[in-house]
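J.: Submitted below is the structure of interest, expressed as structure tokens.
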Amino acid sequence: EIKGFIFDLDGVITDTAEYHYKSWQKLADEEDLFFNREVNEQLRGVSRMESLEIILDGKEVPEEQKKEWTDRKNSYYQDYLEEITKDDILDDMEEKLMKLKKDGYKLAVGSSSRNAKKVLKHLQITDIFDTIADGHSVENAKPAPDLFLYAANNLGLKPEECVVLEDAESGVEAALAAKMKAVGVGPESRVGKAHLVYANVGDIDFDEILKKL
Ligand code: G6P
Ligand code: MG
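FYI, in UniProt numbering the residues of the sequence shown are 4 to 216.
What follows is the structure in structure tokens.
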């Protein structure tokens, strides 16, 4: 029986991918690193340091340098976050969240981002959630199940009672590894391993999810 929902943030509740892209691009231009939108697509759901490793593509760089680069990228990203408002909530996601809450389901955020709380604050939806699991919560990032298990534990639910909504391949894998039900948002090529897939956030149908999963 489904008792709770765990929402990824970037790409499910709001679309920060463009800001991540612009911030990485700025750093890449400054440091003469190869980067483009295609590479950015691979960074969906991936932690900050792991994202840099993907961009470096095997290129060896001292740890200290990597730290400075990820810090700089993050300061660019945080500048963009200042511009986020309630209008950046995707489609009718807020109404959907309110309906689930009213129907008695537990709600969590399960995001790899260390900026998740800041984003939620700008979107003005922090209080809808019973718990927020973010990039500070656990050691092992997605595709490890740890973050979602941490969220479920905070909700007081068993993994099989939780549905995860994810737009990233690594996130779908994490949900499956946690033995939870996975709903993918995006193309089959990316989230096809999920139990149920919707092309867009606006298509997500919670009545169907509750019936089918
Ligand atoms: C989310 C995004 C990723 C991002 C990660 C870390 O999962 O989808 O693209 O790299 O969060 O974000 P952070 O805000 O901690 O740098
Ligand atoms: Mg995401």
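The beta-carbon is built from N, C-alpha and C at its ideal position, and this holds for glycine as well.
1. Closer than 5 Å between the C-beta and any heavy atom of the ligand MG: which residues qualify, listed along the chain?
2. Count the C-beta pairs between the stretch 146 to 165 and the stretch 4 to 23 that are closer than 8 Å, then say yes if the count reaches three, no if not.
3. For Leu59, verify whether its CB is less than 6 Å away from any heavy atom of the ligand G6P.
4. Does the Cβ of Leu152 lie closer than 6 Å to at least one heavy atom of the ligand G6P?
5. Below 6 Å, is the gap between the Cβ of Leu46 and the nearest heavy atom of the ligand HEM?
6. Could I get the ranges of all uninterrupted alpha helix (DSSP H) runs contained in the stretch 10 to 96, with 4 residues as the minimum, in chain order?
7. Is DSSP giving Val141 helix, strand or coil here?
8. Around the Cβ of Glu172, are there at least 16 other Cβ atoms within 10 angstroms (buried) or fewer (exposed)?
9. Measuring CA to CA, which of Lys76, Lys109 and Leu168 is closest to Lys29?
10. Between the stretch 60 to 80 and the stretch 93 to 111, are three or more C-beta pairs nearer than 8 Å?
11. Heavy atom of the ligand G6P less than 6 Å from the Cβ of His198, yes or no?
12. Please determine, among His23, Lys124, Gly48 and Asn43, the residue with the shortest C-alpha to C-alpha distance to Ser114.
13. What would DSSP say about Gly205, mapped onto helix, strand or coil?
14. Does Glu4 come out as helix, strand or coil in the three-state DSSP assignment?
15. Give the range of the alpha helix (DSSP H) segment to which Leu126 is assigned.
16. Does the beta-carbon of Thr88 have 16 or more other beta-carbons within 10 angstroms, so that it is buried, or is it exposed?
17. Taking the alpha-carbon positions, what's the Gln68 to Met52 distance?
18. Three-state secondary structure (DSSP) at Ala154?
19. With a 10 Å radius around its C-beta and 16 neighbouring C-beta atoms as the bar for buried, classify Ala202 as buried or exposed.
20. Tell me whether Asn118, by its Cβ, gets closer than 6 Å to a heavy atom of the ligand G6P.
21. Compare the C-alpha of Ala31 against each of Asp13, Tyr79, Lys120 and Asp137 and name the closest.
22. Are the CB atoms of Val166 and Ile5 within a distance shorter than 7 Å?
T.: On the basis of the supplied data:
1. Asp11, Asp13, Gly14, Gly48, Asp170 and Ala171
2. yes
3. no
4. no
5. The ligand HEM is not among the ligands present in this structure, which contains only the ligand G6P and the ligand MG.
6. 20 to 34, 40 to 44, 51 to 59 and 66 to 84
7. coil
8. buried
9. Lys76
10. no
11. no
12. Gly48
13. helix
14. coil
15. Ala119 to Leu126
16. exposed
17. 12 Å
18. helix
19. exposed
20. yes
21. Tyr79
22. yes
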